[in-house]
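Everything below concerns the one structure shown next.
In the working numbering, the protein residues as written are 1459 to 1833.
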């Protein structure tokens, strides 16, 4: 697993990425996972294209019959423009073998309309052999019906497992050994040791990652396992000292303190800090959804609803939406739950939370139409 500092310049990152590919080489039946963050989609795509186009055969031509980009709906517009631009380049015919022309455009775009991993696998089946399958923002895709032995504590606990499994499934497809797979996660690399190990556990899969800039999430990921041990030993003071000395914004420190008091079941401390948390803080929506969950657990339904309504604005993360639906259900806000579930169902049609809400509504309608007993 190769990790690069995200504070390095663009040229240095390109140089490191080039070194990574040269050292690892290129072979069909293999995959690479790229964790370069969430900056502009077409710039990430171009980094990968440039790296792969640097590999040439004895005839100074690319070994790839086609570059197949598989992207979620949110990336459609920007990737359509990128793929069209790449196909129009004068250099393309010189690098492309005549044999590969039978497959149509050298750069091809497939847009999947939901977040199911099965949709990615279905899209990949149409790619020819000796193609490069490049999945952009792959960390958003989910395996429906997945059961966890332990409830994930952080988002990386979910997407690392999903990326690991998606790589395996793509390489195990009938044509998998004749293709090259690149998964762009659209996020920075994981920080928890178990997740780092899992991501790099397959010999067929290489990993290139930018370490996440310091944030409350990355700081929590790096320390969570140790802090849980300290909480069991009653050493909450040491944890608060760690948070106080961290190079984080005051809002992020407060967020960490709230989460630690919640893990310690100190709901009074949670509520006192939640009431002072700025509702206009410049933080991702998922943060406010988590705060809503903590407020609900502490019995503050009104405060939970207030944070929840802020958090769900523009939210399109499946775990965050699923958590938001659970919180809305726990505080009895059916209107808010229905709004969240509707959005969740568009991303994962068979999500258990969405199906549960639909079933509950259906049973409610049925019971309201039943005639009272004549006894």
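Using N, Cα and C, we set each Cβ at its ideal position, and we do this for glycine too.
Here the structure is a predicted model, which is why all the values come from computation and not from measurement.
Check whether residue 1645 and residue 1597 have beta carbons under 8 Å apart: Looking up residue 1645 in the chain shown gives position 187. Looking up residue 1597 in the chain shown gives position 139. Cβ distance < 8 Å, so residue 1645 and residue 1597 count as in contact.
field: Top-ranked residue by Cα proximity to residue 1501, from 1531, 1543, 1513 and 1512
entry: To locate residue 1501, count along the chain shown from 1; it is residue 43. Its Cα nearest to that of residue 1501, the residue 1543 stands out among 1531, 1543, 1513 and 1512.
field: Where residue 1760 falls, given that 16 or more other Cβ within 10 Å makes a residue buried
entry: Within the chain shown, residue 1760 is the residue found at index 302, counting from 1. Around the beta-carbon of residue 1760, fewer than 16 other beta-carbon atoms lie within 10 Å, marking it exposed.
message: Can you tell me whether residue 1499 is helix, strand or coil according to DSSP?
response: Position 41 of the chain shown, counting from 1, holds the residue named residue 1499. When secondary structure is reduced to three states using DSSP, residue 1499 falls in the helix class.
message: So, does the stretch 1469-1482 touch the stretch 1506-1513, judging by three or more C-beta pairs under 8 Å?
response: As far as the Cβ criterion goes, the stretch 1469-1482 touches the stretch 1506-1513, which means the pair count is three or higher.
task: Could you say which of 1533, 1505 and 1724 lies nearest to residue 1666 if we only look at CA atoms?
output: By 1-based counting over the chain shown, the position of residue 1666 is 208. Cα-wise, what sits closest to residue 1666 is 1505.
task: Assess, as a yes-or-no matter, whether the stretch 1557-1566 is touched by the stretch 1597-1613 under the definition of 3 or more beta carbon pairs within less than 8 Å.
output: Contact between the stretch 1597-1613 and the stretch 1557-1566 is absent, because fewer than three Cβ pairs lie under 8 Å.
query: Which two residues bound the contiguous beta strand (DSSP E) that contains residue 1529?
result: Here residue 1529 refers to the residue found at position 71 of the chain shown. From DSSP, the beta strand (DSSP E) with residue 1529 extends over 1524-1530.
- prompt: Just the Cα atoms here: how many angstroms apart are residue 1771 and residue 1471?
  reply: In the chain shown, the residue the question calls residue 1771 occupies position 313. In the chain shown, the residue the question calls residue 1471 occupies position 13. Those two C-alpha atoms are separated by around 33 Å.
- request: May I ask you to report which of helix, strand or coil DSSP gives residue 1746?
  value: Locating residue 1746 in the chain shown gives position 288, counting from the first residue. In the three-state scheme derived from DSSP, where H, G and I count as helix and E and B as strand, residue 1746 is classed as helix.
task: Starting from residue 1611, follow its DSSP beta bridges and name the residues at the other end.
output: In the chain shown, counting from the first residue as 1, residue 1611 sits at position 153. According to DSSP, residue 1611 bridges with nothing at all.
- prompt: Would the beta-carbon of residue 1782 fall within 8 Å of that of residue 1769?
  reply: Taking the chain shown and counting its residues from 1, one reaches residue 1782 at position 324. Taking the chain shown and counting its residues from 1, one reaches residue 1769 at position 311. Less than 8 Å divides the Cβ of residue 1782 from the Cβ of residue 1769.
query: residue 1583: buried (16+ other C-beta within 10 angstroms of its C-beta) or exposed?
result: Position 125 of the chain shown, counted from the start, is the residue given in the question as residue 1583. Residue 1583 comes out exposed.
- prompt: Rounded C-beta distance between residue 1651 and residue 1618? I'm assuming under 8 Å.
  reply: The residue labelled residue 1651 in the question sits at position 193 within the chain shown. The residue labelled residue 1618 in the question sits at position 160 within the chain shown. Cβ atoms of residue 1651 and residue 1618 stay farther apart than 8 Å, at about 11 Å.
- prompt: With which residues is residue 1591 paired in a DSSP beta bridge?
  reply: Stepping through the chain shown from its first residue, residue 1591 is reached at position 133. Paired residue(s): 1526 and 1639.
Residue environment, residue 1734, which counts as buried when at least 16 other CB atoms sit within 10 Å: Walking along the chain shown from the start, residue 1734 turns up at place 276. A residue is called buried when at least 16 other Cβ atoms come within 10 angstroms of its Cβ; residue 1734 does not meet this threshold and is exposed.
- request: Would you give the residue range spanned by the beta strand (DSSP E) that residue 1490 belongs to?
  value: The residue you call residue 1490 lines up with position 32 of the chain shown. Taken as a continuous stretch (DSSP letters only), the beta strand (DSSP E) holding residue 1490 covers 1488-1493.
field: Between the CA atoms of residue 1736 and residue 1786 - distance to the nearest angstrom
entry: In the chain shown, the residue the question calls residue 1786 occupies position 328. In the chain shown, the residue the question calls residue 1736 occupies position 278. Rounded to the nearest whole angstrom, the C-alpha separation of residue 1786 and residue 1736 is 21 Å.
- request: Pull up the distance between the alpha-carbon of residue 1588 and that of residue 1656, whole angstroms please.
  value: Within the chain shown, residue 1588 is the residue found at index 130, counting from 1. Within the chain shown, residue 1656 is the residue found at index 198, counting from 1. Cα to Cα, the separation comes out at about 27 Å.
query: Leaving out the 5 sequence neighbours to the left and right, which residues in its chain are closer than 6 Å to residue 1624 when beta-carbon positions are compared?
result: Looking up residue 1624 in the chain shown gives position 166. Close CB contacts of residue 1624 within its chain, under the 6 Å cut and outside five residues either way in sequence, are with 1575 (chain order).
task: May I have the straight-line CA-CA distance separating residue 1686 from residue 1595, to the nearest angstrom?
output: In the chain shown, counting from the first residue as 1, residue 1686 sits at position 228. In the chain shown, counting from the first residue as 1, residue 1595 sits at position 137. Near 31 Å, if we compare the C-alpha coordinates of residue 1595 and residue 1686.
- request: Could you tell me the boundaries of the alpha helix (DSSP H) in which residue 1667 lies?
  value: Residue 1667 sits at position 209 when you count from the first residue of the chain shown. Annotation: residue 1667 is outside any alpha helix (DSSP H); the continuous beta strand (DSSP E) that includes it extends over 1663-1668.
message: Can you tell me whether residue 1483 is buried or exposed? The criterion is at least 16 other CB atoms within 10 Å of its CB, across all chains shown.
response: Within the chain shown, numbered from 1, the residue matching residue 1483 stands at position 25. Around the beta carbon of residue 1483, a 10 Å sphere encloses fewer than 16 other beta carbons of the protein chains shown; the residue is thus reported as exposed.
message: I need the boundaries of the beta strand (DSSP E) containing residue 1565, first residue and last residue.
response: As a first step, residue 1565 must be located in the chain shown, where it is residue number 107. Taken as a continuous stretch (DSSP letters only), the beta strand (DSSP E) holding residue 1565 covers 1565-1570.
query: Roughly how many whole angstroms lie between the Cα atoms of residue 1748 and residue 1724?
result: The sequence position of residue 1748 within the chain shown is 290, counting from 1. The sequence position of residue 1724 within the chain shown is 266, counting from 1. Spanning the two alpha carbons is a distance of roughly 16 Å.
- request: List the whole-angstrom C-beta distance separating residue 1788 from residue 1754, where the pair is believed to meet the contact cut-off of C-beta under 8 Å.
  value: On the chain shown, position 330 is the one that residue 1788 refers to. On the chain shown, position 296 is the one that residue 1754 refers to. Residue 1788 to residue 1754, Cβ: 5 Å. Contact.
message: Let me check one thing: in DSSP terms, what residues is residue 1646 bridge-paired to?
response: Against the chain shown, residue 1646 aligns to sequence position 188. DSSP links residue 1646 through a beta bridge to 1494.
Within the stretch 1685-1740, ranges of the alpha helix (DSSP H) (whole runs, at least 4 residues): Runs of the alpha helix (DSSP H) inside the stretch 1685-1740: 1694-1703, 1708-1721 and 1725-1732.
- prompt: Any contact of the stretch 1681-1695 with the stretch 1633-1644, i.e. 3+ C-beta pairs under 8 Å?
  reply: Fewer than three Cβ pairs drawn from the stretch 1681-1695 and the stretch 1633-1644 lie within less than 8 Å of each other, which leaves the two stretches out of contact.
field: For residue 1773 and residue 1503, the rounded distance between their alpha carbons
entry: Along the chain shown, read from residue 1 onward, the residue named residue 1503 stands at position 45. Along the chain shown, read from residue 1 onward, the residue named residue 1773 stands at position 315. C-alpha separation (whole angstroms): 24 Å.
- request: Identify whether residue 1626 lies in helix, strand or coil by the three-state DSSP scheme.
  value: To locate residue 1626, count along the chain shown from 1; it is residue 168. Three-state DSSP puts residue 1626 in a helix.
- request: With a cut-off of 8 Å on the beta carbons, I'd call residue 1415 and residue 1613 a contact; round off their distance for me.
  value: In the structure displayed, the chain extends from 1459 to 1833; residue 1415 sits before or after that span and is not available.
task: Under the assumption that residue 1492 contacts residue 1714 (Cβ atoms under 8 Å), give the Cβ distance between them as a whole number of angstroms.
output: To locate residue 1492, count along the chain shown from 1; it is residue 34. To locate residue 1714, count along the chain shown from 1; it is residue 256. Not really, about 29 Å apart at Cβ, beyond 8 Å.
query: Where does residue 1638 land, buried or exposed, given buried means 16+ other C-beta within 10 angstroms?
result: Residue numbering aside, residue 1638 sits at position 180 when the chain shown is read from its first letter. If you draw a 10 Å sphere on the C-beta of residue 1638, you find 16 or more other C-beta atoms in it, and that means buried.
- prompt: Between residue 1719 and the rest of its own chain, which residues show a CB-CB distance below 6 Å, the 5 nearest in sequence each way excluded?
  reply: In the chain shown, residue 1719 corresponds to position 261, counting from 1. Cβ within range, chain order: 1727 and 1728.
Of the listed residues 1551, 1629, 1566 and 1549, nearest to residue 1537 (C-alpha basis): Taking the first residue of the chain shown as 1, we reach residue 1537 at position 79. Ranking 1551, 1629, 1566 and 1549 by CA distance to the CA of residue 1537 puts 1566 first.
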